[in-house]
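Q: Numbering (our numbering), first residue to last: 26 to 264.
Could you have a look at this structure, given as structure tokens, before my questions?
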Amino acid sequence: MPTFPFSEADPIQFPGPPPKSADVVIIGGGVIGVATALFLARRNISVTLLEKGRIAAEQSSRNWGWIRKQGRDADELPIVIEASRHWRQLAEECGEDIGLKQTGVTYLASSDREMARFEKFMTIAAVHEIDTRLLNARETAGLIKGMSRSFKGAMTTPSDMRAEPWLAVPALARLAARRGVKIVENCAARALEISAGRISGVWTEAGHIETSGVLLASGAWSSLFLRRHGVSIPQLSVR
26 MPTFPFSEAD PIQFPGPPPK SADVVIIGGG VIGVATALFL ARRNISVTLL EKGRIAAEQS
86 SRNWGWIRKQ GRDADELPIV IEASRHWRQL AEECGEDIGL KQTGVTYLAS SDREMARFEK
146 FMTIAAVHEI DTRLLNARET AGLIKGMSRS FKGAMTTPSD MRAEPWLAVP ALARLAARRG
206 VKIVENCAAR ALEISAGRIS GVWTEAGHIE TSGVLLASGA WSSLFLRRHG VSIPQLSVR
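What follows is the structure, encoded as structure tokens:
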């Protein structure tokens, strides 16, 4: 098994060549691309996933791996609650360690203003029946022993979880491959083939794949890939 951090010097786990056709081609082997491939395969849809380097070697293995409800926007919460349920199922389905742990998440408040922001979230948490609670200064000191300074209070959600990204995403990729997804590492997508205004294929470093559906899950590279096709991706900053 490759060790973290991943690099293109690591052995290829999913060699080519890619197939000549697929129902859906996914471009990008991060958590979004891999998870989507897995769920499409469950619907008996033939999927080819292309990764220019190695699975999860970019942003998807370099984050905190939070699966948290705490502090989320109200519109995000239904998605995160459902995601938490899926992650528990996926941990069992993978049959290997993905680093999934129910560690809880705690935010500390240094000011009354921060405590007021936490109190505002409590209204949202109550609607979704989340186990988030506020702690006063004494409770916070008791929760986190040995702090070198005091805090006004804290907000904590014991049910929140995290997974280890560099373990989880490759494990999901192996599960997807067992479910019939064709994953090809070291194979960059170069362009979309468009016929009569519709996608008809993808050109890759290893040739052409006929398809009528493409999911672009390339993170920061998605906008660069689409630029040649005159497509601009709008971005919304969320704090």
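In this text, a Cβ means the ideal position worked out from N, Cα and C, and glycines have one as well.
Since this is a predicted model, take the numbers as computed values, not measurements.
Nearest-angstrom Cα distance between Phe195 and Pro259?
A: A small correction: the amino acid at residue 195 is Pro; Phe does not occupy that position in the sequence shown. Taking the straight line from one Cα to the other gives about 29 Å.
Q: By how many angstroms is the C-alpha of Ala245 removed from the C-alpha of Asp122?
A: For Asp122 and Ala245, the distance between alpha carbons rounds to 28 Å.
Q: The beta strand (DSSP E) with Ala166 in it runs from where to where?
A: Counting along the chain, Ala166 falls outside any beta strand (DSSP E), though it belongs to the alpha helix (DSSP H) covering Ala162 to Leu168.
Q: Evaluate Leu241 with the Cβ neighbour count: other Cβ atoms within 10 Å of its Cβ, from every protein chain shown; 16 or more gives buried, anything less gives exposed.
A: Buried.
Q: Going by Cα to Cα distance, which pick from Ile219, Glu210, Thr182 and Leu160 is closest to Glu21?
A: Because the chain spans 26 through 264 in this model, residue 21 falls outside it and cannot be assessed.
Q: Taking 8 Å as the threshold, find out whether the segment 225-240 comes into contact with the segment 26-44 through three or more Cβ pairs.
A: These segments touch.
Q: Ile104 lies in the alpha helix (DSSP H); which residues open and close that run?
A: Taken as a continuous stretch (DSSP letters only), the alpha helix (DSSP H) holding Ile104 covers Leu102 to Cys119.
Q: So is Lys94 buried or exposed if we call it buried at 16+ other beta carbons inside 10 Å?
A: It counts as buried.
Q: Please classify Met186 as buried or exposed, where buried requires at least 16 other C-beta atoms within 10 Å of its C-beta.
A: It counts as buried.
Q: Tell me, to the nearest whole angstrom, how far the beta carbon of Asn211 is from that of Gly90; I am working on the premise that it is less than 8 Å.
A: Not really, about 25 Å apart at Cβ, beyond 8 Å.
Q: Glu210 by DSSP, collapsed to three states: which one?
A: Three-state DSSP puts Glu210 in coil, outside helix and strand.
Q: Find out if the Cβ-Cβ distance for the pair Phe39, Ile80 is shorter than 8 Å.
A: The answer is yes: Cβ separation under 8 Å.
Q: Which stretch, first to last residue, makes up the beta strand (DSSP E) that contains Val130?
A: Per DSSP, Val130 belongs to the beta strand (DSSP E) from Val130 to Ala134.
Q: Below 8 Å, can you find three or more Cβ-Cβ pairs linking the segment 127-146 to the segment 166-180?
A: Flag = yes, the segment 127-146 and the segment 166-180 touch.
Q: Please classify Ile155: does DSSP put it in a helix, a strand, or coil?
A: If DSSP states are grouped into helix, strand and coil, Ile155 belongs with coil.
Q: Taking the alpha carbon of Leu159 as the reference point, which residue from Glu139, Ala82 and Asn88 has its own alpha carbon closest?
A: It is Glu139.
Q: According to DSSP, which residues form a beta bridge with Ile52?
A: Per DSSP, Leu75 and Leu241.
Q: Helix or strand or just coil, what does DSSP make of Arg215?
A: Residue state, collapsed to three classes: strand.
Q: Quick one: what's got a C-beta closer than 6 Å to Ala298's C-beta in the same chain, skipping five residues either side?
A: Because the chain here runs from 26 to 264, residue 298 falls outside it and cannot be looked at.
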